[in-house]
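Structure, as structure tokens:
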Amino acid sequence: MDAILAGMPLWLIVTAVGITLFAGFVKGAVGFAFPMIVLSGLGSFLPAETALAILILPTVVTNVFQAFRQGLGAALVVVRRYWLFLLIMVAFLVSSAQLVAIIPESVLLVLVGVPMVLFAILQLSRWTLNLRPGTRTRDELLIGGFAGFIGGMSGSWGPPTVLYLTAIGAEKSEAMRAQGVIYGIGAVALLAAHLQSGVLNAATIPLSAAALVPALAGMALGLRVHDRMPQSTFRRAMLVVLLFAGLNLVRRGLML
3 MDAILAGMPL WLIVTAVGIT LFAGFVKGAV GFAFPMIVLS GLGSFLPAET ALAILILPTV
63 VTNVFQAFRQ GLGAALVVVR RYWLFLLIMV AFLVSSAQLV AIIPESVLLV LVGVPMVLFA
123 ILQLSRWTLN LRPGTRTRDE LLIGGFAGFI GGMSGSWGPP TVLYLTAIGA EKSEAMRAQG
183 VIYGIGAVAL LAAHLQSGVL NAATIPLSAA ALVPALAGMA LGLRVHDRMP QSTFRRAMLV
243 VLLFAGLNLV RRGLML
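For the sequence shown, my numbering gives the first residue as 3, with consecutive numbering after it.
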């Protein structure tokens with residue numbers, strides 16, 4: 003940890019704290035995008051592996067807090083309601099991870115990012131995609147499978163999840179809990195994987211633990227905004243963040 007910080011001027015450390023604080027705020031307000039903001043921001047001046055290591059513990063803790071904010075009972079209700087989405091997502095995530103060497107990541111990121119951007123723009127322009135309760139099983143199989151497929155390949159399964167929750171008109175508290183549960187499962191898997199890979203090690207674990215402070219402080223501020231936010235404003239805010247998340251996927255794909 004000291005070796006990493008020793009080469010960083012004070013303004014870079016302050017910038018890193020500010021980025022993590024902002025990512026926590028967005029996470030608290032709309033429920034997602036924490037890893038994307040931290041990885042994009044810190045990755046602009048830190049090695050990608052270091053930026054990835056820093057975000058892991060805050061990602062796990064913020065998602066656990068988000069999932070259980072209304073208590074264990076409320077979280078279990080979400081698990082029971084979205085069990086099929088979760089099951090198919092995890093199955094596709096595990097299997098598609100094996101295809102990383104076959105499909106170029108740059109192609110995948112663009113193919114995923116462009117539909118996300120188009121969906122967000124159409125929804126923001128008042129066109130609506132409303133999924134009917136009668137097709138729920140089919141929709142969860144298709145969108146959950148898609149989320150898992152691109153998650154295993156790119157490490158980003160948030161945008162399709164938000165697309166689904168927006169399209170079914172999930173109430174904001176339920177949407178927040180569902181995102182916490184869905185992302186939390188992936189975050190725990192990410193933690194285990196990178197303890198084994200060496201990305202999380204004696205030098206980076208303290209940095210990741212230190213990042214918990216600005217991440218949780220930002221999330222607390224974001225949750226205060228979320229609690230005062232009308233449902234219509236919450237939906238629009240999710241779409242705006244989804245738009246930028248999609249644009250970021252396209253940017254990453256074009257730059258690889």
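Glycine included, C-beta positions come from ideal geometry on N, C-alpha and C.
This one's a predicted model, so the numbers in the text were calculated from it and none came from an experiment.
Secondary structure of residue i, DSSP reduced to three states
i, result
"G136", "helix"
"S127", "coil"
"A195", "helix"
"R253", "helix"
"A200", "Inspection of the sequence shows that residue 200 is occupied by Gly rather than by Ala. G200 falls in the coil class under three-state DSSP."
"S97", "helix"
"T206", "coil"
"F236", "helix"
"R71", "coil"
"E176", "helix"
"A35", "coil"
"L48", "coil"
"M221", "helix"
"W2", "Nothing in the structure corresponds to residue 2, since the chain is present only between 3 and 258."
"P60", "helix"
"M182", "Checking the sequence shown, residue 182 turns out to be Gly, not Met. It is helical."
"I90", "helix"
"A213", "coil"
"G171", "coil"
"L12", "helix"
Buried/exposed call for residue i, threshold 16 Cβ in 10 Å
i, result
"R237", "buried"
"N65", "buried"
"V302", "Since the first and last residues shown for the chain are 3 and 258, residue 302 lies out of range."
"R230", "exposed"
"R226", "exposed"
"F34", "buried"
"R82", "exposed"
"R134", "exposed"
"T163", "buried"
"T139", "exposed"
"A204", "exposed"
"M221", "buried"
"T22", "buried"
"S98", "buried"
"S199", "exposed"
"P161", "buried"
"T206", "buried"
"G136", "exposed"
"A195", "exposed"
"V183", "buried"
"E173", "exposed"
Rounded distance between the beta-carbons of residue j and residue i, thought under 8 angstroms
i, j, result
"L44", "A18", "6 angstroms"
"V201", "E51", "5 angstroms"
"A149", "W159", "4 angstroms"
"V114", "I187", "The pair is not a contact, with the Cβ atoms about 20 angstroms apart (cut-off 8 angstroms)."
"F121", "L165", "6 angstroms"
"L245", "I145", "That belief does not hold up - the Cβ atoms of L245 and I145 are roughly 18 angstroms apart, past 8 angstroms."
"A25", "R179", "That pair is no contact at about 20 angstroms."
Meets three-Cβ-pair contact criterion under 8 angstroms: the region 56–63 and the region 26–37: yes
Three or more C-beta pairs below 8 angstroms linking the region 216–224 and the region 72–79: No, the region 216–224 does not touch the region 72–79.
Meets three-Cβ-pair contact criterion under 8 angstroms: the region 34–52 and the region 240–253: Contact between the region 34–52 and the region 240–253 is present, because at least three Cβ pairs lie under 8 angstroms.
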